[in-house]
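This report concerns only the one structure given below.
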Amino acid sequence: MKDLRRFAEAFVSEESEQSGRPAWWNAPLLAAAPSDSRFDALPKIAAADHFLPRDLLPTVKSVIVFFIPFKKALVMENATGDRPCRNWGAAYVQTNNLIERLSRGLADLLSESGFACALTPATHNFDEVRLMARWSHKHLAHLVNLGRFGTHHMMITPSGCAGRLGSLVSEMDLGDHPLIETDQACLSKAGHECGRCIQACPVAALQPKAFDRKRCWNRLKDNRHTLVCLADLPETTHVCGKCAASMPCSFINPVAEI
Ligand code: SF4
Ligand code: SF4
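In this text, residue positions in the sequence shown follow this note's numbering: the first is 1354, and each later residue adds one.
Laid out in structure tokens, this is it:
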């Protein structure tokens, strides 16, 4: 696991130089868990037709989930106004690409030791009618204890929620490597006052105990189709991020600080 973490950290720290993009990323977090019965809960907690790790790789032994946090400057740039900024869209595109390459790099590293792996795409692996992913990096992050769900339905990790997730499965037995230290990482869910993400959502998609996926998804598509600053980015640049910007949970697990 140490080697995988070291590899991921080096990979992400070199990304700006390799890609010619600004340095948008902080050091990634990697968690892993044995592919045991905890994952049988996926059809119940995520989507009825959610894949199980063994569907991707029949000989699976471990599930690995990683989080690539965005740097504060990028997140704060996206905090103003109720529409996303150009850099937020560009970082989304580049990060999806980075996640795919990092996943492949980790898989190659494990394969060199003789252990097969299976990968899934970073995004847009969901049913566009039900808006439910058949491989939800968020639910996997929760199950391997990389983070906890926030009221904004994003994953809050020890490095916050403003970033992106990726995952892979492997037949190497890596053991349990959790990272989150608290049962909850969202202030509201832990019984404290917050709800800042609810107030920040420009289309009222968030409620204390509900998330209107359709409303959120329509906003992401509207941003892509109406904003001139996103016009030259790929059709799949579905971004907003207002509920992750300048929040108590943007860069840390705020419950761990109490
Ligand atoms: S902004 Fe507050 S209520 Fe919303 S997810 Fe973060 S900690 Fe929870
Ligand atoms: S991404 Fe935007 S539209 Fe969706 S819940 Fe967050 S703030 Fe609301």
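Ideal Cβ positions, reconstructed from N, Cα and C, are used throughout, including at glycine. All of these numbers come straight from a predicted model, not from anything done at the bench.
Environment of residue i [buried if 16+ CB atoms lie within 10 Å]
i, result
"Glu-1368", "buried"
"His-1578", "exposed"
"Asn-1571", "exposed"
"His-1545", "exposed"
"Thr-1504", "buried"
"Gly-1500", "buried"
"Ile-1398", "exposed"
"Ser-1466", "exposed"
"Thr-1448", "buried"
"Thr-1589", "exposed"
"Ile-1509", "buried"
Residue i, DSSP secondary structure in three states
i, result
"Phe-1404", "coil"
"Leu-1350", "Lying outside 1354 to 1611, the shown extent of the chain, residue 1350 is not represented and no answer is given."
"Arg-1487", "coil"
"Ile-1398", "helix"
"Leu-1493", "helix"
"Arg-1501", "strand"
"Ile-1452", "helix"
"Leu-1383", "strand"
"Ala-1558", "coil"
"Phe-1423", "strand"
Nearest-angstrom Cβ-Cβ length linking residue i and residue j, presumed shorter than 8 Å
i, j, result
"Asn-1498", "Leu-1532", "6 Å"
"Ala-1426", "Ala-1515", "About 11 Å; that fails the 8 Å criterion."
"Ser-1520", "Val-1418", "4 Å"
"Ser-1415", "Ser-1523", "5 Å"
"Pro-1437", "Gly-1594", "6 Å"
Bridge-paired residues (DSSP) for residue i
i, result
"Thr-1635", "Nothing in the structure corresponds to residue 1635, since the chain is present only between 1354 and 1611."
"Val-1522", "Val-1416 and Ala-1471"
"His-1530", "Ala-1385"
"Ala-1563", "Gln-1560"
"Trp-1570", "Looking at the DSSP assignment, Trp-1570 forms no beta bridge with any residue, so it has no partner."
"Trp-1378", "Phe-1423"
Near ligand 2: residue i beta-carbon under 8 Å from a heavy atom
i, result
"Phe-1564", "yes"
"Val-1428", "no"
"His-1506", "yes"
"Cys-1470", "no"
"Val-1581", "no"
"Leu-1559", "yes"
Near ligand 1: residue i beta-carbon under 8 Å from a heavy atom
i, result
"Arg-1572", "no"
"Thr-1510", "no"
"Gly-1594", "no"
"Pro-1607", "yes"
"Cys-1539", "yes"
"Ile-1533", "no"
"Cys-1514", "yes"
"Pro-1601", "yes"
"Ile-1611", "no"
Beta carbon proximity, residue i to chain D, threshold 9 Å
i, result
"Arg-1549", "Note that chain D does not occur in the displayed structure, where there is just one protein chain."
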